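Enquirer: So that we are looking at the same thing, I have put the structure below in structure tokens.
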Amino acid sequence: MLMKNSSFPGLDEHVSMHEYFRENIERMAGNLHAINDVSKVAEELKVFLSGWLEDHILSTDMKMAGFLKEKDSAGGSGGSL
1174 MLMKNSSFPG LDEHVSMHEY FRENIERMAG NLHAINDVSK VAEELKVFLS GWLEDHILST
1234 DMKMAGFLKE KDSAGGSGGS L
């Protein structure tokens, strides 16, 4: 909601990244049922989550934070962090 209300230009990309995240989690859940190998799926999940979260927080979320700070310092109504 904050991104939409502040007219964040990366909103569509951000939403797509969350959709990608959701799809991968659903795929891994399906794999767990299909291959019934908890350790293999757990390792895949660990690798995916740590990579995705690191990239998402350090890249995508930081872009949003920078945009909001810039907008706030320019007197925009993007909300406060």
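Taken in order, the sequence shown gives residues 1174 to 1254; the numbers are from this note's numbering. Just so you know, even glycine gets a beta-carbon here, dropped at the ideal spot from N, CA and C. Source: prediction; values computed, not measured.
Note the first and the last residue of the continuous alpha helix (DSSP H) segment covering Ser1189.
Expert: The residue labelled residue 1189 in the question sits at position 16 within the sequence shown. Taken as a continuous stretch (DSSP letters only), the alpha helix (DSSP H) holding Ser1189 covers 1184-1208.
Enquirer: Give the straight-line distance between the Cα atoms of Met1190 and Ala1202, rounded to the nearest whole angstrom.
Expert: If you number the sequence shown from 1, residue 1190 lands on position 17. If you number the sequence shown from 1, residue 1202 lands on position 29. Rounded to the nearest angstrom, the two C-alpha atoms are 18 Å apart.
Enquirer: What whole-angstrom Cβ distance do Val1220 and Asn1204 have, given they're in contact under 8 Å?
Expert: On the sequence shown, position 47 is the one that residue 1220 refers to. On the sequence shown, position 31 is the one that residue 1204 refers to. 13 Å between Cβ atoms; not a contact.
Enquirer: Taking all protein chains shown into account, do 16 or more other C-beta atoms lie within 10 angstroms of the C-beta of Leu1241, making it buried, or fewer, making it exposed?
Expert: Within the sequence shown, residue 1241 is the residue found at index 68, counting from 1. Result: buried.
Enquirer: Which value, in whole angstroms, describes the spacing of the CA atoms of Ala1247 and Leu1218?
Expert: By one-based count along the sequence shown, residue 1247 stands at place 74. By one-based count along the sequence shown, residue 1218 stands at place 45. Cα to Cα, the separation comes out at about 41 Å.
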